[in-house]
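So for the sequence shown, my numbering puts the first residue at 398; every next one is plus one. A short write-up of the structure that comes next.
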Amino acid sequence: MMFSKINIFVFVIVASGFSAGCHHSENTHAKQVNIESSAFKEKLIDANKIYVKQESDEIDQYVAHHNWKMITTGTGLRYMITKKGTGKQAEESERARLNFKISLLDGTLCYSSDSTGAKEFLIGQDNVETGLHEGVKYMHVGDKAVIILPSHLAYGLVGDEHKIPPHASLLYELELLSVR
């Protein structure tokens, strides 16, 4: 799996940075750390770009496999409205109420409003997934939509420590019930 190769790559970079610094005098060490930290940051950025590209490619393959016509935003979120509603469009700072299902791309159901009840949050302000804030703003009351959040818009590097693993792209099935 590519995630583990990238994790190993990052570990090797970190370990080499620590071991290289152990064999130098204090002054040399300070200079070495500054040089290495800049190089280290560049390597981490490069590794992250590789990961984001791989994850994006996997999402694109998933979308193509399902023959979906999704819109991709600048952040990497994919969405499509599956049923048009007739209500008001959701906007920043409004309270959204929605039914939802959250699944991994392998089909594993993680959470659903069927068991927890509808989700309510203040758009752009409450502590929910970044991609959910973005995705709901493309919806009108009564709309049903499918959105796919790359991991950086969902639960990122650590997952939610329950049902969503680290680095997980998530599929959301949403129905916007109301905004106020």
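Just so it is clear, CB atoms sit at the ideal spot from N, CA and C, and this is done for glycine as well.
Own chain residues within Cβ distance below 7 Å of residue i, not counting five before or after
i, result
"residue 575", "494 and 538"
"residue 479", "541, 542 and 543"
Proximity winner among the options, relative to residue i (alpha-carbon distances)
i, options, result
"residue 548", "441, 482, 559 and 501", "501"
"residue 526", "444, 478, 557 and 509", "557"
"residue 459", "509, 504 and 442", "504"
"residue 490", "483, 484, 456 and 518", "518"
"residue 578", "462, 463, 472 and 461", "In this structure the chain extends from 398 to 577, so residue 578 is not present and cannot be described."
Alpha-carbon to alpha-carbon, residue j and residue i
i, j, result
"residue 486", "residue 437", "44 Å"
"residue 567", "residue 488", "23 Å"
"residue 514", "residue 496", "7 Å"
"residue 521", "residue 499", "20 Å"
"residue 481", "residue 440", "45 Å"
"residue 516", "residue 435", "43 Å"
"residue 554", "residue 569", "19 Å"
"residue 465", "residue 573", "20 Å"
"residue 448", "residue 483", "39 Å"
"residue 452", "residue 462", "15 Å"
"residue 510", "residue 456", "24 Å"
6 Å Cβ shell around residue i - same chain, five flanking residues per side excluded
i, result
"residue 607", "This structure gives no information on residue 607, because the portion of the chain shown stretches from 398 to 577."
"residue 512", "none"
"residue 571", "495, 497 and 542"
"residue 577", "492"
Spatial neighbours of residue i in its chain, beta-carbon cut-off 8 Å, leaving aside the 5 residues before and after
i, result
"residue 476", "467, 468, 470, 532, 535, 542, 543, 544 and 545"
"residue 474", "528, 531, 532, 544, 545, 546, 547 and 550"
"residue 559", "none"
Identified DSSP bridge partners for residue i
i, result
"residue 578", "Residue coverage of the chain in this structure runs from 398 to 577, which leaves residue 578 outside it and unanswerable."
"residue 519", "492"
"residue 499", "508 and 569"
"residue 575", "494"
"residue 472", "Answer is none; residue 472 lacks a bridge partner."
"residue 592", "The structure shown does not extend to residue 592, since the chain spans only 398 to 577, so no value can be given for it."
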